[in-house]
Amino acid sequence: MFKFFRKKKYEEKSEISEEKSLKGLFEKFKEGLSKTKEKLSSALSQIFEVDKLIDLSTLEEVEETLILADLGVETTTALLEPIKKKVLQGEPLTTKQLKNYLKEEMLKFLIESESPFPPLGNPSVLLFLGVNGVGKTTTIAKIGKKLKENEYSIVLVAADTFRAAAIEQLKTLGEKISAPVVSLQEGADPGAVIFQGITYAQKNNIDVVLVDTAGRLHTKYNLMEELKKMVKVIHKLVPPSSQENILVLDATTGQNAISQAKHFCETIPVHSLIITKMDGTAKGGIALAVSHKFKIPIRFVGLGEKPEDLVPFDKKAFVSAILPD
Ligand SMILES: Nc1nc2c(ncn2[C@@H]2O[C@H](COP(=O)(O)OP(=O)(O)OP(=O)(O)O)[C@@H](O)[C@H]2O)c(=O)[nH]1
Ligand SMILES: [Mg+2]
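Taking my numbering, the leading residue of the sequence shown gets 12, the next gets one more, and so forth.
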């Protein structure tokens, strides 16, 4: 659980210190998700408080609560349908069994990544995508910092050429984490910056290239088409297995995140998700809804603005945070 990265170098960490840091992450996860947890558990606690037989009205209450926590109608229905059938057939089921069943199913619904992070490559390329303001640029700095702490060499690429301020923002963040930033002037072709960034990494034997892109409205055709061009440029320089396209979603946008994911997935392959701002919302259920609907693993979640607030996603911790024992 809670693995940040594949190891680059052998780390001499004692088992105790490793256990301690895992515990710390688990606590952080629970704390970061406390708003979602509060909302869910205060509503569900009355249902789960006493172990009694469930009926259709119990299921309706559970259904409403899960939908309100932004699991969405589709995922909630998929979760509860099999139980509803059993109840309709007269099978006696208790609230305790329902809770255990929900936990197990939620774990199944959360897709786990089978590929290493960062992907293997010389270099590997991480392309960060998403609509405006979701947290792409700041998340790049957080991941960049952690990669450096794990002995990876990195370069940041300012492919958000839309605003001069975006280039400056990345440069400032790069300075903070002592990482080189490859950039061109405002308005430059993002593909050209990416080309320069990857060739810079190849020349300097850099392990990971982190590409910042402009926030784009998922419904704007031209902006979405531009992404295809960026992916083509990357493919000219590194094999697809060395590239990960990461969609960043803001948990506070709730169900709109589903529509964003749909449009991005229709445009280019999306390999993984990062869900930011989980700390600021009671709608953390969106993580489960998107991962289930699009069959995409969640790599990290953002639980605050500080670098240490970006935490690897752990599905067991997630489920036990939103549905405590
Ligand atoms: N509370 C909280 N704030 C976050 C989190 N992640 C990012 N933010 C904040 O969200 C704001 C926007 O972050 P950016 O990284 O600039 O977003 P962006 O996606 O690059 O924005 P554009 O480049 O304009 O599309 C900043 O104030 C971040 O500090 C998080 O997990 N929790
Ligand atoms: Mg940005």
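A virtual CB, placed ideally from N, CA and C, is assigned to each residue, including glycine.
Just so we're clear, the structure is a prediction, and the values are computed from it rather than from any experiment.
Reduced DSSP secondary structure (H/G/I, E/B, other) of S270: helix
Looking at the structure shown, is G141 part of a helix, part of a strand, or coil, going by DSSP? coil
Between L138 and the rest of its own chain, which residues show a CB-CB distance below 6 Å, the 5 nearest in sequence each way excluded? V222, N256
Relative to ligand 2, what is the chain-ordered list of residues with a Cβ closer than 5 Å to any of its non-hydrogen atoms? K147, T148
In this structure, does DSSP put Y21 in helix, strand or coil? Low confidence applies to Y21: its pLDDT is 48, below 50, so where it sits in the model is not reliable enough to give any reading.
Please report the Cβ distance between T47 and G296, rounded to the nearest whole angstrom; I am assuming they are in contact, meaning their Cβ atoms lie under 8 Å. 7 Å
Whole angstroms are fine: how far does the CA of G185 sit from the CA of A152? 7 Å
Candidates L91, E160, L82, F40: which alpha carbon is nearest S5's? Past the edges of the chain, shown from 12 to 336, lies residue 5, and the structure says nothing about it.
For I217 versus I165, is the C-beta distance shorter than 8 Å? yes
Residue burial classification, L321 (beta-carbon count within 10 angstroms, cutoff 16): buried
As assigned by DSSP and simplified to three states, the class of T69: helix
Output the distance between the C-alpha atoms of G43 and V259, rounded to the nearest integer angstrom. 18 Å
Identify whether I209 lies in helix, strand or coil by the three-state DSSP scheme. helix
Opposing strand residues paired with L238 [DSSP bridges]: Paired residue(s): none; L238 is not in a bridge.
Using three-state DSSP, classify P323 as helix, strand or coil. strand
Where does T183 land, buried or exposed, given buried means 16+ other C-beta within 10 angstroms? exposed
Is N143 close to ligand 1? I mean its beta-carbon at under 7 Å from any heavy atom of the ligand. yes
C-beta contact flag for I154 and P308 at 8 Å: no
Tell me which same chain residues have a C-beta within less than 8 Å of the C-beta of R310, skipping the five on either side of it? S124, F128, I257, S283, L284, I285, P323, F324
Would you mind reading off the limits of the alpha helix (DSSP H) that contains Q108? 106–120
Using C-beta distances below 8 Å, list every residue in its chain close to R174, excluding the 5 sequence neighbours before and after it, in chain order. E197, A225
Exposed or buried, which one is K147 when buried takes at least 16 other CB atoms within 10 Å? buried
Taking the Cβ atom as the reference point for each residue, do L104 and L51 lie within a distance shorter than 8 Å? no
Assuming L167 contacts A190 (C-beta within less than 8 Å), just tell me the rounded distance between them. 5 Å
Pick out the complete beta strand (DSSP E) segments inside the stretch 160–227, 3 residues or longer, and give them in chain order. 165–170, 219–224
Span of the beta strand (DSSP E) holding T409? The displayed coordinates of the chain run from 12 to 336. Any statement about residue 409 would go beyond what the structure contains.
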